[in-house]
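Peer 1:
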Amino acid sequence: MIIGALEAGGTKMVCAIGDEKGNIYKRCQIPTDTPHITMPKLIDFYINEGIDALGIGCFGPIDPNKNSNTYGHITTTPKLPWRNYNIVKTFHDALNVPIGFDTDVNGAALGEATWGSLKDCDVALYITIGTGIGVGVCIKQIPLHGLIHPEAGHILLKRVYNDDYKGTCPYHCDCFEGLASGPAIEGRWGKKAYDLKEVSEVWELESSYIAQAITNYILCYSPSRIVLGGGVMHQEQLFPLIREKVIKYLNGYIDTKNILEDIENYIAPPLLGEESGIKGALVLGYQAYKNYS
Ligand code: ADP
Ligand code: ZN
Numbered sequence: 070m071i072i073g074a075l076e077a078g079g080t081k082m083v084c085a086i087g088d089e090k091g092n093i094y095k096r097c098q099i100p101t102d103t104p105h106i107t108m109p110k111l112i113d114f115y116i117n118e119g120i121d122a123l124g125i126g127c128f129g130p131i132d133p134n135k136n137s138n139t140y141g142h143i144t145t146t147p148k149l150p151w152r153n154y155n156i157v158k159t160f161h162d163a164l165n166v167p168i169g170f171d172t173d174v175n176g177a178a179l180g181e182a183t184w185g186s187l188k189d190c191d192v193a194l195y196i197t198i199g200t201g202i203g204v205g206v207c208i209k210q211i212p213l214h215g216l217i218h219p220e221a222g223h224i225l226l227k228r229v230y231n232d233d234y235k236g237t238c239p240y241h242c243d244c245f246e247g248l249a250s251g252p253a254i255e256g257r258w259g260k261k262a263y264d265l266k267e268v269s270e271v272w273e274l275e276s277s278y279i280a281q282a283i284t285n286y287i288l289c290y291s292p293s294r295i296v297l298g299g300g301v302m303h304q305e306q307l308f309p310l311i312r313e314k315v316i317k318y319l320n321g322y323i324d325t326k327n328i329l330e331d332i333e334n335y336i337a338p339p340l341l342g343e344e345s346g347i348k349g350a351l352v353l354g355y356q357a358y359k360n361y362s
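Going left to right, the sequence shown walks through residues 70 to 362 as this note's numbering numbers them.
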């Protein structure tokens, strides 16, 4: 089978041709401009490859509900040219193949759940901490939707004492993303996050917010394992700080050895590295093909 995969991001589109085993034969990157400029370039990449299906992991929020009038649209995104854009229809009209459509983070969770750190996890949780914060959830290899899909980067947290940074979220100011995304670190400390490696205060505070969020996700979703990816998590010193704080915040309430004795494996980096999203898009394409035929 030949599958087209697209990781549609706010700054770049990562495109690939591969298969259901996770092999990738061809790839390219296209900057994200307006749909009018970007979509023809994307279609050009896939059109003569003989793909049997296309999988799209897309920046959101999106409408992934097939019974909805706005299925296939990117919805309330702050990226105005893409707001209410029906990306699935444009691809379907041009390529006429089954299309799997989900959030970028549900895609990344699915990639890790298929070939990575979340393999064999019934409830797989993938968190990315980058320009934004997003959370993908897969239950037995099926991305979680419900009402729309999790938007767990926007949960509200308790502020750490003395942190008076106003937050970057255009909707909520000081939600998780507003307090702990890459731009929030840069806004609060006045320097690029990667230039702050040696400033321990930065990572103490950052790990407090991430650990609070993870504590909430453990309590709400009961994940089998949690993967933490995205640009900010290149600061590997965050991992032990986060693990220690999650144990502290749970305070023994969730009494499992995965957390109390094996937290290094319970809160882990992505095994697929930068490939979780694009490989997850291959799985989305494969699942769409199977559901169609
Ligand atoms: P995106 O979220 O746009 O897909 P990334 O996951 O790479 O892309 O996140 C970009 C954000 O991560 C930026 O705010 C950047 O400052 C931050 N970032 C990237 N690399 C590092 C690093 N090595 N250390 C800390 N922060 C980083
Ligand atoms: Zn928010």
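Quick reminder that beta carbons are idealized off the backbone N, C-alpha and C, glycines included. These numbers were taken from a predicted model, which means no experiment stands behind them.
(1) Beta carbon of Gly203, beta carbon of Leu351: below 7 Å?
(2) Which partner residues of Cys207 appear in the DSSP bridge assignment?
(3) Is Gly162 helix, strand or coil when you go by DSSP?
(4) Count the other C-beta atoms from every protein chain shown that fall within 10 angstroms of the C-beta of Cys97, then say buried if there are 16 or more, exposed otherwise.
(5) Suppose only complete runs of 4+ residues qualify. What are the alpha helix (DSSP H) ranges in the region 70 to 154, listed by chain order?
(6) Are the Cβ atoms of Val315 and Ser277 separated by less than 7 Å?
(7) Report yes if the C-beta of Glu32 is less than 6 Å from at least one heavy atom of the ligand ZN; otherwise report no.
(8) Whole angstroms is fine: what's the gap from Pro239's alpha carbon to Ile131's?
(9) Any idea which residues DSSP pairs Gly298 with across the strands?
(10) Less than 8 Å between C-beta atoms, sequence neighbours within five positions excluded: which residues of the same chain meet that for Ile311?
(11) Quick check on Ser186: buried or exposed, where buried means 16 or more other Cβ atoms within 10 Å of its Cβ?
(12) Let's see if you can read the secondary structure: which residues bound the alpha helix (DSSP H) around Ile224?
(13) Is Gly169 helix, strand or coil when you go by DSSP?
(14) From Ile43 to Glu273, what does the alpha carbon distance come to, in whole angstroms?
(15) Could I get the ranges of all uninterrupted alpha helix (DSSP H) runs contained in the region 257 to 316, with 4 residues as the minimum, in chain order?
(16) Does the ligand MN have even one heavy atom less than 6 Å from the beta-carbon of His303?
(17) Is Ile254 helix, strand or coil by DSSP?
(18) Taking 6 Å as the limit, name every residue whose beta carbon sits nearer than that to some heavy atom of the ligand ZN, in sequence order.
(19) Taking the alpha helix (DSSP H) that Gly349 falls in, what are its first and last residues?
Peer 2: Let's see:
(1) no
(2) Ala193 and Pro212
(3) The residue asked about is misnamed: residue 162 is Asp in this sequence, not Gly. The answer is helix: DSSP assigns Asp162 an H, G or I state.
(4) exposed
(5) 104 to 116
(6) no
(7) Here the chain covers residues 70 to 362 and nothing more, so residue 32 does not appear.
(8) 18 Å
(9) Thr197
(10) Ser276, Ile279, Ala280, Ile283, Leu297 and Ile336
(11) buried
(12) Premise fails: Ile224 is in no alpha helix (DSSP H) and is neither H nor E.
(13) strand
(14) The requested residue 43 does not occur in the structure, where the chain is confined to residues 70 to 362.
(15) 269 to 290
(16) As for the ligand MN, it is missing from this structure, which binds only the ligand ADP and the ligand ZN.
(17) helix
(18) His223, Cys238, Tyr240, His241, Cys244, Glu246 and Gly247
(19) Ser345 to Tyr361
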